[in-house]
Structure formats: C-alpha cells, structure tokens
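Numbering (my numbering), first residue to last: 7 to 595.
No residue lacks a Cβ here, since even glycine has one placed at the ideal position from N, Cα and C.
Note that the structure is predicted; figures quoted are calculated from it, not measured.
Structure first, commentary second.
Next up, the structure:
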C-alpha cells in the first residue's frame, strides 16, 4: 500500500474531531458537577440519557479490529457471517429477561459485585482478575491496530501517533469519568458512521448500483446464508455463526462490566431497557453497513484482488486500501476515514479504561482503605488508576510491535475468559441451588480447558496445520505490469491436516459457548451434591425474575426468611445502614 499525502481538509477534520473529544473531557472534568463518589465517576450519577448511552455501547462494539475485519470477512468468506445480526436481536431478549433486571435491582457499581452477593468474595476476585488480565492484554492491541493503519497510510511514525492518541484518550477519560466517555463515544460513533456511509454510497455508485454489486457477489460465490452443515469444525456455517455469536454477544453485552455498566448509568430500569432497544437497532444497522461494505469492495476488485497481487499484506487492510483508492475523488475523505478508524479504537479504549478503574478500585483497593477515605476520595483513586492503566497500555504497544503473529493469540485468548465468566453469572441467576463450590469448580475447569484449546489452536495455525478456505479470488483484470497471467486464486483445496485433533479445529465462534457450557455442566453437579441447609441463605434479588416465576411461593418465602430474620435483628439492635447492607454479602454458602 502506497503512502499518501493528506490534504489540509483531511488534517482539519482529523484534528477537529479529537479537539472536540478533548473539550468534552475538560468540560465534564472541570465545569460539570463535581465527581466525588464512585457512582458519580463510574455511572454518571445514574442520570445519563438513554440515547447517548446506547451510542456509547455501539461505539464500544466497533473497535478498530471490528471495523477493519468485518468487511474483510465478507470479502473473503461471503455473507454467512452477517447472520450475527440475528444473534444480536436474540441476545437482546436474553439480556432483558435474565441479566439486566438482576443487576438493576441490586444496584451494583460493578457487576462483579453480584458474584460476591450470590456466591463468595473469592468468586468475585477470580472473575475480576480474569477480566483485568484479559484487558491489560487487549487494550494495547486496540491502540496498535489503528496506529499501524495510520502508519501504513501516511508513513507517520507508528509509536508517536499511538502515544499521542492514547494520551489524549487517557486525559479525557481520567478527568471526565463516564460522562466524558459516553459523550465522546457518541461523537466518535457519529464520525465512524459518516465514514461508513461515505464508503457505502460512493462504492454503490462507483460499481453501477445495488444490482451490479449483488450480481458480482453471486458470481463470486459470496452470497451464502443457508449452509446448514452441522460440522462444528467448519469456520462459518448457519449454526456456527448464529449460535456461536449469540453467546459471544450475550457475554459482551450482558456479563461484561464495561458494557453492563452503561445500563446502570440511567435513572430507571425502563430507561435501561430503552438503552438496550436503541443499542440493538444501531448495532444491527452498523453491522449491516459494515457487511455490505465488504460486498461493495468485492464488486470493486472482483477481477483484480489486491491481496493476490501484493497491494496489501493482510486481508484486514482491504477497507483502508479501498477508501484510499477512491479518496482522491472527495477532499477530506481520507481524514474522515482515519478519524473514524481512531474513533472506534478510542471509544473502546475509553470504555475499558473507565470500567477497569472501577473494578480494580472496588475489588482490590477499596477494602484496604479507611471507610471515610474510600467513600470520599473514590473518584480521585480511580482517576489515578485510569492513568496508570493507560500508561501501561501505551508502554505495551512497544512490546506488541515486536510480537508479530502473537497479536492473533492475544486477541483469541479472550475466548478463554468470556465463556467461564458468562457461565458463572448464568449459573447464579438461573439455578437457585448453585453454590460457591459449584461456581468455583465450574469456572476453574472451564478456564483451564479453554486456555488449553485456544493455545493449541494457535500453535496449529502458526504451523500451517489449520487453514480456512476462502471464496475464489480473481486477478484476470489486473494490469499486466502488476501481475502476469489470467488466474483465479482460491484456497478451497487447502484443508486442515488430518493429524490435528478435531477439538482444536472447532470454529472459534463456539469458544464462548463451550466455555459457558463447560462451566455449567461441571459446576451444577458439584453444587447439587455439596448442598447444605446453609445454601438456603440466599438473597432472592440475585435470582432472575425469569426463573422466579417458575418457582413455588413456598420455595421463595423459605429462601427469603433466614436472611430477612437476620436483617430484622440488625435493625432492632440499631445497627447502621451500611452494616445492614453488608448482609448482602453472605459468606456461608
């Protein structure tokens, strides 16, 4: 990919967007209502508006990795992956009926508090540690990807641009808290959608309209929705995409602290559900636009694949290549694209910085501080934590740059943590008899198993033992000075080595499903056989209303009675409210 010179219009749009992000952070940090408590800093005082919160959620799902890889996925493998829009809709029902009502009723600051209320502090600590370690690895990759793209586009030093953009994000996230994160995410998502909209409109016109795009996609075997092959080792089928991504999205939206935190930032459960509906609608629209962009790009290069002739080194560069190929036609488009690419990365970075600061403070530091300091200086400590996490992530960029193919491993390892976490939350909310021993057993076994699977998978990929076929790629329309011959290039004849055990060839879309299922099928029997009378000391608010309606009143009242008697005893002894609330954390089960 050749370097280009950005025009003054490109630089103006780029600088303007990030200048506005900085201004939003300064406003909420210096001129808005003071943020002293954890609720103010992490949840915006629970007074956020539903639409910008929903936009912030969508922005969190459009990381630079997603924005670049989704069109490339459609370009190489066809439209099967677009079935995830159905999974997003189904995910909405799961989050609405199972997870959201419980988190809202308990009014937790971070959702890992639920695990202490329902099971034991040790379960909360393990889950918090998994989430923290996973994101310490993930955040540098989030920063690195758009910085690498910017370097490839303009020739600017990768490390300089990565450090500058990261420090900007750290600054507005630190001083502005959730309010700054939400409003900058809303701004940055708007820029990203403008970029995708330009690609959509421009590309449709350039290749002769929607009919031409669809015709070329059909000729290139890209249109495919109903591959019902049940083989779980096939990368994309109807079942792997629909079922696999359903669990992945449920984990990301329903039991991920960084996203679930947004639902708790509004004033009521009805507002939280409104956020969910708006989020689903916007997420579906953005995914459809991203997916159709892949078809547009294929229609543009159906007879001269840039990957085959060396125009790009990796398929994930195809969107950037396409935009730059047509950027000269519209002044400012290159700058808008680069700004949109960085916007998605900074949205993800700011979201996880804000969430991680709350988790590290509440789960690991707060208990070490005197009560008055812990409550009155919460936001100060979290701002310090945000800065430290951000600087560590920036420092790790220099390590990531040297790791090469390990970037894929670091990204894939999230599959080892999301499944066990989803499993333990589901166990607690849907199965009243689940206890600490079962939750701990299920989580640890699932984590160990999935870590082994993803590492083995990556080893086989590195060694070339596992290769996924792509749809046909043609070069017959290329200039003879660039490529000699009239060829069709396809990897269809490349198959996984028969020596690779089938378990390590399972589609990565199933990783979260396998992790969650393994956590349940090992944890629930342990809970059943280790049940005691003490496990009846259960806060009914920790059980999903979806399950409560199927339980008899005698069971519910029996479970409420022991806890209620202890609370009443505390009240009669004039124990203060804080101690009473402490009863939400029983350690006996």
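Per the coordinates, the alpha-carbon of residue 326 lies some 29 angstroms from the alpha-carbon of residue 252. A straight-line Cα-Cα distance of about 21 angstroms links residue 230 and residue 213. When DSSP states are grouped into helix, strand and coil, residue 480 belongs to the strand group.
One Cα belongs to residue 524, the other to residue 106, and the distance between them is close to 23 angstroms. Taking all protein chains in view, the Cβ of residue 113 is surrounded by fewer than 16 other Cβ atoms within 10 Å, so the residue is classified as exposed. Between residue 296 and residue 76, the CB-CB gap stays under 7 angstroms. Here the C-alpha atom of residue 262 lies approximately 21 angstroms from the C-alpha atom of residue 442.
The DSSP assignment places complete alpha helix (DSSP H) segments of no fewer than 4 residues inside the stretch 79-137 at 90-100, 106-112 and 119-124, in order along the chain.
Contact annotation: the stretch 386-393 touches the stretch 350-370, with at least three C-beta pairs closer than 8 angstroms. No residue range can be given for residue 550, since it is assigned to no alpha helix (DSSP H) and is classified by DSSP as neither H nor E.
Our two residues, residue 245 and residue 89, have alpha carbons roughly 10 angstroms apart in a direct line. If one requires a minimum length of 4 residues, the alpha helix (DSSP H) runs lying completely within the stretch 442-471 are 442-468, in chain order. In the three-state scheme derived from DSSP, where H, G and I count as helix and E and B as strand, residue 383 is classed as coil.
When the beta-carbon positions are compared, residue 302 and residue 209 come within less than 7 angstroms of each other.
At least 7 angstroms separates the beta-carbon of residue 529 from that of residue 422. Less than 7 angstroms divides the Cβ of residue 310 from the Cβ of residue 484.
If you draw a straight line from the Cα of residue 465 to the Cα of residue 167, it is about 32 angstroms long.
If you check the CB distance, residue 526 and residue 435 do not come in under 7 angstroms.
Ranked by Cα distance from residue 467, the first of 323, 514 and 521 is 514. Just so you know, the alpha carbons of residue 228 and residue 249 end up roughly 21 angstroms apart.
For residue 238, the closest of 25, 307 and 510 by C-alpha to C-alpha distance is 510. Rounded to whole angstroms, the gap between the alpha carbons of residue 144 and residue 163 is 22 angstroms. Taking 7 angstroms as the cut-off, the beta carbon of residue 400 is found closer than this to the beta carbon of residue 169. Between the beta-carbon of residue 60 and that of residue 350 there is about 16 angstroms, and that puts the pair past the 8 angstroms contact cut. Taken through DSSP and simplified to helix, strand or coil, residue 401 comes out as helix.
The alpha-carbon of residue 308 is positioned some 11 angstroms away from that of residue 218. A straight-line Cα-Cα distance of about 24 angstroms links residue 278 and residue 134. Between residue 154 and residue 438, the alpha-carbon positions lie close to 49 angstroms from each other. Relative to residue 427, the option among 132, 298 and 92 whose CA is nearest is 132. In the same chain as residue 264, and ignoring 5 residues on each side of it, the C-beta atoms closer than 6 angstroms to its own belong to 357, 358 and 361, in chain order.
Measuring C-alpha to C-alpha distances from residue 67 to each of 19, 478 and 285 identifies 285 as the nearest. The Cβ neighbour count for residue 320, taken over all protein chains shown within 10 Å, is under 16; the residue is labelled exposed.
Comparing alpha-carbon positions, the option among 384, 171 and 104 lying closest to residue 28 turns out to be 171. A check of alpha carbon separations from residue 549 across 193, 440 and 374 identifies 440 as the nearest. DSSP, reduced to helix, strand and coil, places residue 293 within a helical segment of the structure shown. In the three-state scheme derived from DSSP, where H, G and I count as helix and E and B as strand, residue 164 is classed as helix.
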